[in-house]
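First comes the structure, then the notes that go with it.
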Amino acid sequence: MKHARYLMMLPVAAFLVACGEEPGPVERTVGLSPELPEPKRGILPNMTISKPMEWGDDLPTVPEGYTVSAIATDLNIPRQTLVLPNGDILVAEGRGGYAPKLKPKDIIAGVIKGMGTTSVPSGNRLTLLRDEDDDGVFELKTAFAEDLNAPYGLALVNGRIYVANQDEVVWFEYEDGQTKANGPPESLTELPKELNHHWTKAMTASADGRYLYVGIGSNSNITERGMTAEADRAVIWEIDIETGARRTYASGVRNPTALTIQPGTGQLWAVVNERDEIGPDLVPDYLTAIQEGGFYGWPYSYWGSNVDDRVRPQDPDKVASTITPDYALGSHVASLGVDFSNEAVGGDFTDGVFVGMHGSWNRAEPVGYKVVFVPFTDGRPSGQPVDFLAGFLNAEEKRTRGRPVGVTVDPRGAVIVADDLSNTVWRVTPPGGLRPREEVAAEAANPAAADAPATPRSGTPETQAPDSAASGAIGKSESPDGPVEQPDPEAEGEPRPGPAQEPSPAPGGATGGQAAPDAGQPPTEGTGGQPPAGADGGQPAADAPEAPDEPAATGN
Numbered sequence: 010m011k012h013a014r015y016l017m018m019l020p021v022a023a024f025l026v027a028c029g030e031e032p033g034p035v036e037r038t039v040g041l042s043p044e045l046p047e048p049k050r051g052i053l054p055n056m057t058i059s060k061p062m063e064w065g066d067d068l069p070t071v072p073e074g075y076t077v078s079a080i081a082t083d084l085n086i087p088r089q090t091l092v093l094p095n096g097d098i099l100v101a102e103g104r105g106g107y108a109p110k111l112k113p114k115d116i117i118a119g120v121i122k123g124m125g126t127t128s129v130p131s132g133n134r135l136t137l138l139r140d141e142d143d144d145g146v147f148e149l150k151t152a153f154a155e156d157l158n159a160p161y162g163l164a165l166v167n168g169r170i171y172v173a174n175q176d177e178v179v180w181f182e183y184e185d186g187q188t189k190a191n192g193p194p195e196s197l198t199e200l201p202k203e204l205n206h207h208w209t210k211a212m213t214a215s216a217d218g219r220y221l222y223v224g225i226g227s228n229s230n231i232t233e234r235g236m237t238a239e240a241d242r243a244v245i246w247e248i249d250i251e252t253g254a255r256r257t258y259a260s261g262v263r264n265p266t267a268l269t270i271q272p273g274t275g276q277l278w279a280v281v282n283e284r285d286e287i288g289p290d291l292v293p294d295y296l297t298a299i300q301e302g303g304f305y306g307w308p309y310s311y312w313g314s315n316v317d318d319r320v321r322p323q324d325p326d327k328v329a330s331t332i333t334p335d336y337a338l339g340s341h342v343a344s345l346g347v348d349f350s351n352e353a354v355g356g357d358f359t360d361g362v363f364v365g366m367h368g369s370w371n372r373a374e375p376v377g378y379k380v381v382f383v384p385f386t387d388g389r390p391s392g393q394p395v396d397f398l399a400g401f402l403n404a405e406e407k408r409t410r411g412r413p414v415g416v417t418v419d420p421r422g423a424v425i426v427a428d429d430l431s432n433t434v435w436r437v438t439p440p441g442g443l444r445p446r447e448e449v450a451a452e453a454a455n456p457a458a459a460d461a462p463a464t465p466r467s468g469t470p471e472t473q474a475p476d477s478a479a480s481g482a483i484g485k486s487e488s489p490d491g492p493v494e495q496p497d498p499e500a501e502g503e504p505r506p507g508p509a510q511e512p513s514p515a516p517g518g519a520t521g522g523q524a525a526p527d528a529g530q531p532p533t534e535g536t537g538g539q540p541p542a543g544a545d546g547g548q549p550a551a552d553a554p555e556a557p558d559e560p561a562a563t564g565n
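In our numbering, the protein residues as written are 10 to 565.
Structure follows, in structure tokens:
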């Protein structure tokens, strides 16, 4: 058996892990001002994965009055979804990554993390779901496009469906109601693909449709592969949708796993997975507005100016320029999905964002494994997160029925969640029902009615051609036998108001946290293949073994 000698080390590894630090209360590392403990490093990080279990007759839990149903099952690793103007839903399915293991510890970690993933093969496709008669049952499940390469991010702009594969952005022509692509996709631009330690390529489009934003994760936990491996990594690219020209829009974002645009402002927001192996309560994943030209710390520091002394050489100037994120989501929760809510969702969930949490693999007490709602006030996060779709994790048994990834809010008021462990797409509908299809379709046919602002510019994308040739209370859950009453969960705390802040401007303006000294100046170009500023081209972090924050099979 391959790596058999390392598997024999599992009992020893389990003992060493058991000697590690016990985690503190989860609430400490959540919110506007998280409490960050001192970093602690042990022989091995804690490796506790929640093993899969079947749903059986159970369903996820939702707030009172809301209803959840499985609208598609038996998929092949669903990651992200896209709601089309006619109500059809596209699902990106697949797994990627091919970074080699560096040390025996990484092989052991891979085995342990693999215990919490699905065994089905990678779909490498887009699947289209359709509810023909608007009765909540999606009768049609068909392949829209196949033979893709670990597709993840999705966007629909001006009659084209854009897909962020793990190696390039491609597009298909699309007409309303179409159920199958007309042929192979066209390439817009290539994406960094060497190693692909963090392979997922999150994507969203600017409000005016001129640009795509693509998140590109780091090639390591904390530079243990050397800084040359981090060229064009831990960044968000801005890509001209007509030419494929691209530039670095923001940097120092270790693994930006989901991107979205704030309605009414055009502001780009992201959820980011932070680094591992400095304790169970460090470092919190975060939600933040992305400032054009901004630097967010990786690898030199975290949550502002907290220096990570594993990195050599240090760069005090970069640390000083680091922007503190807006909102901490908790350490090791593996946030993989984000989308803004709307009025149609109803209840206490109309103003804020939904965040999909895939769940931890390296914490003694598992965290994540749910979808939370982060309330906003005046355009900014303003209170503690509230569970919206939960019941995946059996904490006592450390087993889980599912692992949420992408979250998409339907203009009609439904919340769509991809679950890549049970290979299901869930839909949560509000108490008052969905907005009429015709009303939403009319808005989609007249985008000007939404009054979307143009993307403000403080610079233009570089003109280099792309590499490729072409450019609280619980409600009810639905089962096939009808609604099922859910037990009451533990009550959530009341949201607390945050500090008064000005509403966030569109991309290019200031965001929450510390402003970058060079804000407003054109950012460093992203196609020159350069490591982060101040980096030593070949020196890895001091004594820092590889520690991916996700198994290659799940792509956190």
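Beta carbons: idealized from backbone N, C-alpha and C, even for Gly.
| query | result |
| --- | --- |
| Compute the Euclidean distance between the alpha carbons of R219 and T269, then round it to the nearest angstrom. | 15 Å |
| So if DSSP puts P390 in a beta bridge, which residue, or which two residues, is it bridged to? | F385 |
| According to DSSP, which residues form a beta bridge with D396? | V381 |
| To the nearest angstrom, how far is it from the Cα of F153 to the Cα of N85? | 14 Å |
| Do R410 and G368 have their beta-carbon atoms positioned less than 8 Å apart in this structure? | no |
| Look at the alpha carbon of W278 and the alpha carbon of Q271, and state the distance between them as a whole number of angstroms. | 7 Å |
| Does DSSP put V414 in a helix, in a strand, or in coil? | strand |
| Suppose you measure from the CA of E73 to the CA of K189; what does that come to, to the nearest Å? | 38 Å |
| For L135 and V172, which I take to be in contact (beta-carbon distance under 8 Å), what is that distance rounded to the nearest angstrom? | 7 Å |
| Taking the continuous alpha helix (DSSP H) assigned at S330, which residues delimit it? | 325-330 |
| In the DSSP output, what is W246 paired with across the bridge? | V223, T257 |
| Rounded to the nearest angstrom, what separates R601 and R319 at their Cα positions? | Since the first residue shown for the chain is 10 and the last is 565, residue 601 is missing from the structure and cannot be characterised. |
| Roughly how many angstroms separate the alpha carbons of T417 and A211, rounded to a whole number? | 13 Å |
| Leaving aside the five residues before and after D176 along the sequence, list all residues of the same chain whose C-beta is less than 7 Å from its C-beta, in chain order. | N158, E199, L200, K202 |
| Starting from A454, trace the beta strand (DSSP E) in both directions and tell me its first and last residue. | A454 -> not in any beta strand (DSSP E); alpha helix (DSSP H) instead, spanning 446-454. |
| Whose C-beta lies closer than 6 Å to the C-beta of S344 among residues of the same chain, with five residues either side of it excluded? | V280, D294, L338, V364, M366 |
| Within the same chain, show all residues whose beta-carbon is closer than 6 Å to that of G33, passing over the 5 residues directly before and after it, in chain order. | D290 |
| State the CB to CB distance for the pair G106 and H206, rounded to an integer number of angstroms; the pair is presumed to be in contact (CB under 8 Å). | 7 Å |
| Starting from G162, follow the beta strand (DSSP E) in both directions and report where the run begins and ends. | 162-166 |
| Roughly how many angstroms lie between the CA atoms of D185 and R444, to the nearest whole one? | 19 Å |
| Inspect the beta-carbon positions of Q187 and G415 and report whether they are closer than 8 Å. | no |
| Examine chain D for any beta-carbon lying closer than 8 Å to the beta-carbon of L200, and answer yes or no. | The chain labelled as chain D is not found in the depicted structure, where only one protein chain is given. |
| Does the beta-carbon distance from G275 to V223 come in below 8 Å? | no |
| Check this for me: beta carbons of A427 and V437, under 8 Å apart or not? | no |
| Helix or strand or just coil, what does DSSP make of R50? | coil |
| R389 to S260, Cα distance in whole Å? | 22 Å |
| Measure the C-alpha to C-alpha separation of D387 and V71 and round it to an integer number of angstroms. | 26 Å |
| Identify whether R633 lies in helix, strand or coil by the three-state DSSP scheme. | Only positions 10 to 565 of the chain appear in the structure, and residue 633 is not among them; the question remains open. |
| Spatial neighbours of A373 within its chain, please: CB distance less than 7 Å, with the 5 preceding and 5 following residues excluded, ordered by chain position. | E31, P32, N55, T57, P289 |
| Tell me whether M236 is buried or exposed, calling it buried when 16 or more other Cβ atoms sit within 10 Å of its Cβ. | buried |
| What are the start and end residues of the beta strand (DSSP E) that includes V100? | 98-102 |
| Per DSSP, which residues does P87 bridge with? Please list them. | E102 |
| Beta-carbon separation of G253 and L204 under 8 Å? | no |
| So, helix, strand or coil for E251, using DSSP? | coil |
| Roughly how many angstroms lie between the CA atoms of V328 and D66, to the nearest whole one? | 51 Å |
| According to DSSP, simplified to helix, strand and coil, what is E239? | helix |
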